[in-house]
Amino acid sequence: MRVLLFGPPGVGKGTQADLLSKKYNFIKFSMGDILREEVSLSTSLGNKVENYLIRGILVPDNIIFELVKNFLKKNKEAHILFDGFPRTLNQAQNLNKNLTQLGLSFEVALEMHLAEDEIVKRLINRRYCPKCNKIYNYATKPPKTNGVCDHCHTKLIKRSDDDTNTIKKRLQVYEEKTHPLVDYYKSLNVYNQINATGSQEDVFKKISEIIDAYINKR
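Set out below in structure tokens:
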């Protein structure tokens, strides 16, 4: 089974991806993790990736596509959750092409949706632990002690790009680059929109119901 989870920044994709991976035993495909792993293995492809990352340049699609193809071949029999990838229509079409070549397909595409003002509110209230990477939010999931990580007691910090102007620019990029995936996955009859308003548990229940419905139909 292959599931895609996407949506604008601030809707809680990372949290839901972790919960879904545990419940359904998904292997999570996160492009950031894939890039870092390839670099750590010091492969020829990894060396190319590292060169781009060091210079702060986006890794080109031809390298991304090669990494995706290798991942799919390696995990052909596994249940996969694509977390925030693909991000563009070109990436989505290439991914679908690779899946088809392996006799596979997407079963479910889930877009998490929130109103822009709610996204801005969430992101300007977001804090993270620089030591253990736990994410907190003063609006929805505050730490037990103000400004301190519940797990390792490290002082929480705010991401430099979590300010109103930068957030709105990121949302604009999402609308231009990633939102076209909605029509694409509708054309494949796999698209579902999730209202990401509410608690993490409420959103997780909504997503699980859609996945369970698909599983029960098979």
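When the letters of the sequence shown are read in order and numbered with the numbering used here, they come out as residues 1058 to 1275.
We treat Cβ as the ideally placed atom computed from N, Cα and C, and that holds for glycine.
With 16 or more neighbouring CB atoms inside 10 Å of its own CB, T1235 falls in the buried class. Between K1243 and I1214, the alpha-carbon positions lie close to 39 Å from each other. Taking the CA atoms as reference points, E1164 sits about 34 Å from R1216. Taking 8 Å as the cut-off, the beta carbon of F1086 is found closer than this to the beta carbon of I1137. The three-state secondary structure of E1164, taken from DSSP, is coil. Non-local C-beta neighbours of G1067 in its own chain, meaning closer than 6 Å and more than five positions away in sequence, comprise I1176, R1179, L1180, ordered along the chain. Contact between the region 1085-1102 and the region 1137-1150 is present: 3 or more CB-CB pairs across the two stretches fall below 8 Å.
Going by DSSP, I1121 is part of the alpha helix (DSSP H) stretching over 1118-1131.
For S1097 and I1111, the gap between their C-alpha atoms comes out near 14 Å. Under the three-state reduction of DSSP, K1080 is assigned to helix. For F1261, the enclosing alpha helix (DSSP H) starts and ends at 1257-1274. Check the Cα spacing between K1212 and each of D1219, D1218, E1173, T1202: the tightest is with T1202. In the three-state reduction of the DSSP assignment, I1091 falls in the helix class, which pools H, G and I. In the three-state reduction of the DSSP assignment, K1212 falls in the strand class. For R1275, the number of other beta carbons within 10 angstroms of its own is below 16, and it is reported as exposed.
In this structure, the CA atom of N1155 is about 36 Å from the CA atom of P1187.
K1070 counts as buried, since no fewer than 16 other beta carbons sit within 10 angstroms of its beta carbon. Judged by DSSP in its simplified three-state form, T1145 adopts coil rather than helix or strand. In the three-state scheme derived from DSSP, where H, G and I count as helix and E and B as strand, N1222 is classed as helix.
One alpha carbon belongs to K1191, the other to K1198, and they sit about 11 Å apart. With a cutoff of 8 Å on beta-carbon distance, I1267 and N1249 are scored as near each other.
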